[in-house]
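**Student:**
Residue numbers (our numbering): 1 to 244.
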């Protein structure tokens, strides 16, 4: 990252969305321009981004948010994943640079209101700040059933990896398991681009919202600033906790 000066700040985001107690706090900074190399290095330190905000969890007494990445070159789909893949072969996927469109915003609003039961209406400004603005090269993947938009995925395309940013889908199509299908599609896309890693954000073992990420194997988890095979992580984590 050279000599670029970064000004960090702490954010206090209210109750944790992944566990029943505790607050959600981050160490963050704002940037409108990051090199692929710089953001790749930040991913390897456990950072993620939301819009122009790059952040890392710093929740008091909690280390449950663990960065996870999938080895795309050796990934093997499970029987259930193969079934989901074949079930959705009728869909058309279009790649576009990150940008605003009314159809995408309407799907985002429906997803937040119905799937996440968001209490207040989302605004276009919220949508832009959260998903459309990006300091790196970001693609939006539009999933269509003929002319009907069913889902959108956001991915950051970096020098050595892809980073899966966010995914929304029509709640009426939950039976398609579009979240699973989108990750399978992104893995195949990474292979096509000859990128060996797909970064999935944070894995939270006891959270139904986040634990599904461990279904994509082989995967690695970030432990003490080093990537370790998923199956070894529990042993290392247990030993670490026992010694502290």
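Glycine is no exception: its CB is placed at the ideal position from the N, C-alpha and C atoms.
Go through its chain and collect everything with a Cβ distance to residue 46's Cβ below 6 Å, but skip five positions before and after it.
**Tutor:** Numbered from its first residue, the chain shown carries residue 46 at position 46. Closer than 6 Å at the Cβ level, and outside the excluded window around residue 46, lie 56, 67, 222.
**Student:** Give the range of the alpha helix (DSSP H) segment to which residue 193 is assigned.
**Tutor:** Working through the chain shown from its first residue, we reach residue 193 at position 193. From DSSP, residue 193 is part of no alpha helix (DSSP H); its letter is neither H nor E.
**Student:** Which value, in whole angstroms, describes the spacing of the CA atoms of residue 26 and residue 137?
**Tutor:** Indexing the chain shown from 1 puts residue 26 at position 26. Indexing the chain shown from 1 puts residue 137 at position 137. Cα to Cα, residue 26 sits roughly 23 Å from residue 137.
**Student:** Under three-state DSSP, which class holds residue 220?
**Tutor:** For the purposes of this step, residue 220 is identified with residue 220 of the chain shown, where counting begins at 1. Residue 220: strand per DSSP, three-state reduction.
**Student:** Is residue 152 near residue 141, with beta carbons less than 9 Å apart?
**Tutor:** What you label residue 152 is simply residue 152 of the chain shown in a count that begins at 1. What you label residue 141 is simply residue 141 of the chain shown in a count that begins at 1. It is a contact, given that the beta carbons lie within the stated cut-off.
**Student:** Mind checking whether residue 156 and residue 111 have CB atoms under 9 Å apart?
**Tutor:** Residue numbering aside, residue 156 sits at position 156 when the chain shown is read from its first letter. Residue numbering aside, residue 111 sits at position 111 when the chain shown is read from its first letter. No, the Cβ-Cβ distance between residue 156 and residue 111 is not below 9 Å.
**Student:** Which runs of the alpha helix (DSSP H) at least 4 residues long sit entirely within the segment 43-91? Give them in chain order.
**Tutor:** The qualifying runs are 79-87.
**Student:** Using 8 Å as the threshold, is the segment 208-226 in touch with the segment 83-95, meaning 3 or more CB pairs across them?
**Tutor:** No: fewer than three Cβ pairs fall under 8 Å.
**Student:** Buried or exposed: which applies to residue 134, given that a residue is buried once 16 or more other Cβ atoms fall within 10 Å of its Cβ?
**Tutor:** Sequence index remark: in the chain shown, residue 134 carries index 134 (1-based). Under this definition residue 134 is a buried residue.
**Student:** Can you have a look at residue 33 and say buried or exposed, based on whether 16 or more other CB atoms are within 10 angstroms of its CB?
**Tutor:** If you number the chain shown from 1, residue 33 lands on position 33. Looking at its Cβ environment, which holds fewer than 16 other Cβ atoms inside 10 Å, residue 33 is exposed.
**Student:** Hey, residue 69 and residue 219: beta-carbon distance below 9 Å or not?
**Tutor:** Against the chain shown, residue 69 aligns to sequence position 69. Against the chain shown, residue 219 aligns to sequence position 219. Result yes, Cβ atoms of residue 69 and residue 219 sit closer than 9 Å.
**Student:** Count the other CB atoms within 10 Å of the CB of residue 183; is the residue buried (16 or more) or exposed (fewer)?
**Tutor:** Taking the first residue of the chain shown as 1, we reach residue 183 at position 183. Classification of residue 183: buried, given that the 10 Å Cβ count is 16 or more.
**Student:** From residue 74 to residue 201, what does the alpha carbon distance come to, in whole angstroms?
**Tutor:** Here the question's residue 74 lines up with position 74 in the chain shown. Here the question's residue 201 lines up with position 201 in the chain shown. Their backbone Cα atoms lie some 19 Å apart in a straight line.
**Student:** Grouping DSSP H, G and I as helix and E and B as strand, with all else coil, what is residue 132?
**Tutor:** Within the chain shown, the letter at position 132 stands for residue 132. Helix.
**Student:** For the alpha helix (DSSP H) holding residue 13, just list the boundary residues, first then last.
**Tutor:** Along the chain shown, one-based indexing puts residue 13 at 13. Looking at the DSSP string, residue 13 is not in any alpha helix (DSSP H); the run it does join, the beta strand (DSSP E), is 9-15.
**Student:** Would residue 190 be called buried (16 or more neighbouring beta carbons within 10 Å of its own) or exposed?
**Tutor:** Indexing the chain shown from 1 puts residue 190 at position 190. The residue is buried, with at least 16 neighbouring Cβ atoms inside 10 Å.
**Student:** Which residue's Cα is closest to the Cα of residue 30: 21, 52, 36?
**Tutor:** Stepping through the chain shown from its first residue, residue 30 is reached at position 30. Cα-wise, what sits closest to residue 30 is 52.
**Student:** Answer with buried or exposed for residue 100, where buried requires no fewer than 16 other C-beta atoms within 10 angstroms of its C-beta.
**Tutor:** The sequence position of residue 100 within the chain shown is 100, counting from 1. Its Cβ having fewer than 16 others within 10 Å, residue 100 is exposed.
**Student:** With DSSP run on the structure shown, which of helix, strand or coil describes residue 187?
**Tutor:** Indexing the chain shown from 1 puts residue 187 at position 187. The answer is helix: DSSP assigns residue 187 an H, G or I state.
**Student:** For residue 62, which residues from the same chain have a beta carbon less than 7 Å from its beta carbon, with the 5 sequence-adjacent residues on both sides left out?
**Tutor:** Locating residue 62 in the chain shown gives position 62, counting from the first residue. Excluding positions up to five away in sequence, the list reads 22.
**Student:** When the Cα of residue 166 is compared with those of 130, 78, 126, which residue comes out closest?
**Tutor:** Walking along the chain shown from the start, residue 166 turns up at place 166. The shortest C-alpha separation from residue 166 is found at 130.
**Student:** What does the alpha-carbon distance come out to for the pair residue 150 and residue 125?
**Tutor:** As a first step, residue 150 must be located in the chain shown, where it is residue number 150. As a first step, residue 125 must be located in the chain shown, where it is residue number 125. The straight-line gap from Cα to Cα measures roughly 22 Å.
**Student:** I'd like the list of long-range same chain contacts for residue 93, defined as Cβ closer than 8 Å, with 5 residues on each side in sequence excluded.
**Tutor:** If you number the chain shown from 1, residue 93 lands on position 93. The residues are 141, 142, 143, 144, 185.
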